[in-house]
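Asker: Got a structure here, written out as structure tokens. Questions coming.
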Amino acid sequence: MFNNDIFSQIFFGIVSFVSNFISALSGGGAGLIQLPALLLFGLPFSKALATHKVASVALGVGASIPHLKQGNLQRKYALLILISGIPGVLSGAYIASIIPSNLSTSLLGFLTLFISFYSVNNKKLGNSNSSTSNYKLRIIIGSLGLFVIGFLNGYLSSGTGLFVTIWMITIFNLSFTVAVAYTLIFVGIFWNGVGALSLGLRGNIIWNYIPILILGSLVGGYFGAYFSIVKGSKFVKLFFEIITFSVGISLLIKAFL
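Set out below in structure tokens:
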């Protein structure tokens, strides 16, 4: 039985706000808190994941407002994330229905820990937002990487927004603040929107929890994005490193238990 009383609604509202505030600061990781909370209240994994995906779309909407006001986003990068990533999301969602995910979850956990240590060891990473050389080659490499990350998003869901953030920083020399904006808007709204639609068509969404989760996602996403802009890339970088380390450990625990 699902717990639909007032306490559970308040609990999910708080969880949604906190998890999406953190995600808007770091460029991913909302599922680290929100998804386990849904599972804790007795939802089967498929239903918890679908419900979480819908709320994650609201995170993108809420976070987009302060970032779009800054005017730092470029159409070419937005289109690259959409055109390269969405086919990967669809492919991953299909594969997830026929192949077990434990091995991939453990691999994703190790990779997430790697990007945490990579960021820690590169002090200047994500502190600039300058143009890059060999632009055409970077577009090709960036596109391939985004397809792979999109595949992981559709296949495993957890933590993949963090990979988009670090990928955009590494390949295109974006600042942490700007890279997080691309992740929150185009991964949050479009990639997760595709995932939510796919899972929703199978009847997996628990609609009783959706209004409070969406409200928490919108408000948490907005204030997290606003706070990241105010604090700047150095602060966001530190937060990113904490969240990637936490997500990596969480994924490894999930894979081996």
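Add 60 to the 1-based position in the sequence shown for this note's numbering, that's all there is to it. C-beta: ideal position from N, C-alpha, C; glycine also.
In its own chain, which residues sit with a C-beta less than 6 Å from the C-beta of Gly280, not counting the 5 before and 5 after it?
Answerer: Along the sequence shown, one-based indexing puts residue 280 at 220. The residues are Phe77, Asn80 and Phe81.
Asker: Kindly list the residues whose CB is nearer than 6 Å to the CB of Ala153, restricted to its own chain and excluding five residues on each side of it in sequence; keep chain order.
Answerer: Within the sequence shown, numbered from 1, the residue matching residue 153 stands at position 93. Here the set comprises Gly214 and Ser258.
Asker: Alpha carbon to alpha carbon, how far is Ser176 from Phe236? Give it in angstroms, no decimals.
Answerer: Start at 1 with the first residue of the sequence shown, and residue 236 comes out as number 176. Start at 1 with the first residue of the sequence shown, and residue 176 comes out as number 116. Distance between the alpha carbons of Phe236 and Ser176 is about 13 Å.
Asker: Measure how close the beta-carbons of Ala256 and Ala110 come, nearest whole angstrom, since I'm counting them as under 8 Å.
Answerer: Sequence index remark: in the sequence shown, residue 256 carries index 196 (1-based). Sequence index remark: in the sequence shown, residue 110 carries index 50 (1-based). The Cβ separation is near 7 Å, so the contact holds.
Asker: Three-state secondary structure (DSSP) at Gly253?
Answerer: As a position in the sequence shown, residue 253 is number 193, starting the count at 1. It is helical.
Asker: What does the alpha-carbon distance come out to for the pair Gly73 and Lys196?
Answerer: What you label residue 73 is simply residue 13 of the sequence shown in a count that begins at 1. What you label residue 196 is simply residue 136 of the sequence shown in a count that begins at 1. When the Cα atoms are used, Gly73 and Lys196 turn out to be separated by approximately 44 Å.
Asker: Between the C-alpha atoms of Ala115 and Ile270, what's the straight-line distance to the nearest angstrom?
Answerer: The count along the sequence shown starts at 1 and reaches residue 115 at position 55. The count along the sequence shown starts at 1 and reaches residue 270 at position 210. About 7 Å.
Asker: Can you give me the C-alpha to C-alpha distance between Tyr137 and Thr230, rounded to a whole angstrom?
Answerer: Sequence index remark: in the sequence shown, residue 137 carries index 77 (1-based). Sequence index remark: in the sequence shown, residue 230 carries index 170 (1-based). C-alpha separation (whole angstroms): 13 Å.
Asker: Using 10 angstroms around the beta-carbon of Phe316, count the other beta-carbons present and answer buried if the total reaches 16, otherwise exposed.
Answerer: If you number the sequence shown from 1, residue 316 lands on position 256. Phe316 is exposed by the Cβ-count criterion.
Asker: Within its chain, find whatever has a CB closer than 6 Å to the CB of Tyr286; leave out the 5 residues flanking it on each side and keep chain order.
Answerer: The residue you call residue 286 lines up with position 226 of the sequence shown. Taking Tyr286 as the centre and dropping the five residues before and after it, the same chain places the C-beta of Pro126 closer than 6 Å to its C-beta, in chain order.
Asker: Can you list, in chain order, the residues of its chain with a C-beta nearer than 7 Å to that of Lys294? Leave out the 5 residues immediately preceding and following it.
Answerer: Here residue 294 refers to the residue found at position 234 of the sequence shown. Cβ neighbours of Lys294 beyond the five flanking positions: Asn187.
Asker: Comparing C-alpha positions only, which one of Leu150, Ile265 and Tyr178 sits nearest to Val254?
Answerer: Your numbering for residue 254 matches position 194 in the sequence shown. Out of Leu150, Ile265 and Tyr178, Leu150 has the C-alpha closest to the C-alpha of Val254.
Asker: Can you grab the Cα-Cα spacing for the pair Leu244 / Arg198, in whole Å?
Answerer: The residue given as residue 244 occupies position 184 in the sequence shown. The residue given as residue 198 occupies position 138 in the sequence shown. Whole-angstrom Cα-Cα distance: 22 Å.
Asker: Please report the Cβ distance between Gly145 and Gly102, rounded to the nearest whole angstrom; I am assuming they are in contact, meaning their Cβ atoms lie under 8 Å.
Answerer: Locating residue 145 in the sequence shown gives position 85, counting from the first residue. Locating residue 102 in the sequence shown gives position 42, counting from the first residue. Between Gly145 and Gly102, the beta carbon gap of about 32 Å keeps them out of contact (Cβ cut-off 8 Å).
Asker: Note down the Cα distance separating Leu99 from Ala108, rounded to an integer number of angstroms.
Answerer: In the sequence shown, residue 99 corresponds to position 39, counting from 1. In the sequence shown, residue 108 corresponds to position 48, counting from 1. Going by the C-alpha atoms only, they are around 6 Å apart.
Asker: Note down the Cα distance separating Gly276 from Phe67, rounded to an integer number of angstroms.
Answerer: Position 216 of the sequence shown, counting from 1, holds the residue named residue 276. Position 7 of the sequence shown, counting from 1, holds the residue named residue 67. Whole-angstrom Cα-Cα distance: 15 Å.
Asker: Thinking C-alpha only, which one of Gly87, Phe105, Ser86 and Gly88 is nearest Leu95?
Answerer: Against the sequence shown, residue 95 aligns to sequence position 35. Checking every option, the nearest Cα to that of Leu95 belongs to Phe105.
Asker: Taking a contact to mean a Cβ-Cβ separation below 9 Å, would you say Gly308 touches Thr172 in this structure?
Answerer: Residue 308 sits at position 248 when you count from the first residue of the sequence shown. Residue 172 sits at position 112 when you count from the first residue of the sequence shown. In this structure, Thr172 lies closer than 9 Å to Gly308 by Cβ.
Asker: Unbroken alpha helix (DSSP H) runs of length 4 or more, entirely within the stretch 65 to 105: which are they?
Answerer: 66 to 86 and 91 to 100
Asker: What is the rounded straight-line gap between the Cα of Gly292 and the Cα of Ala123?
Answerer: Locating residue 292 in the sequence shown gives position 232, counting from the first residue. Locating residue 123 in the sequence shown gives position 63, counting from the first residue. When the Cα atoms are used, Gly292 and Ala123 turn out to be separated by approximately 15 Å.
Asker: Check the C-beta distance from Gly169 over to Leu312 and give it rounded, since I have them as a contact under 8 Å.
Answerer: By one-based count along the sequence shown, residue 169 stands at place 109. By one-based count along the sequence shown, residue 312 stands at place 252. Confirmed, about 4 Å.
Asker: Can you give the Cα-Cα distance for Leu142 and Asp65, rounded to whole angstroms?
Answerer: The count along the sequence shown starts at 1 and reaches residue 142 at position 82. The count along the sequence shown starts at 1 and reaches residue 65 at position 5. Roughly 39 Å separates the two Cα atoms.
Asker: Mark Gly89 as exposed unless 16 or more other C-beta atoms lie within 10 angstroms of its C-beta, in which case mark it buried.
Answerer: By 1-based counting over the sequence shown, the position of residue 89 is 29. Buried.
Asker: Is the beta carbon of Glu301 closer than 9 Å to that of Ser179?
Answerer: Position 119 of the sequence shown, counted from the first residue, corresponds to residue 179. Position 241 of the sequence shown, counted from the first residue, corresponds to residue 301. Against a cut-off of 9 Å, the Cβ pair of Glu301 and Ser179 comes out as a contact.
Asker: Please name the residue, chosen from Phe223, Ser310 and Leu216, that lies closest to Lys113 on a Cα-to-Cα basis.
Answerer: On the sequence shown, position 53 is the one that residue 113 refers to. Nearest neighbour of Lys113 by Cα position, chosen from Phe223, Ser310 and Leu216, turns out to be Leu216.
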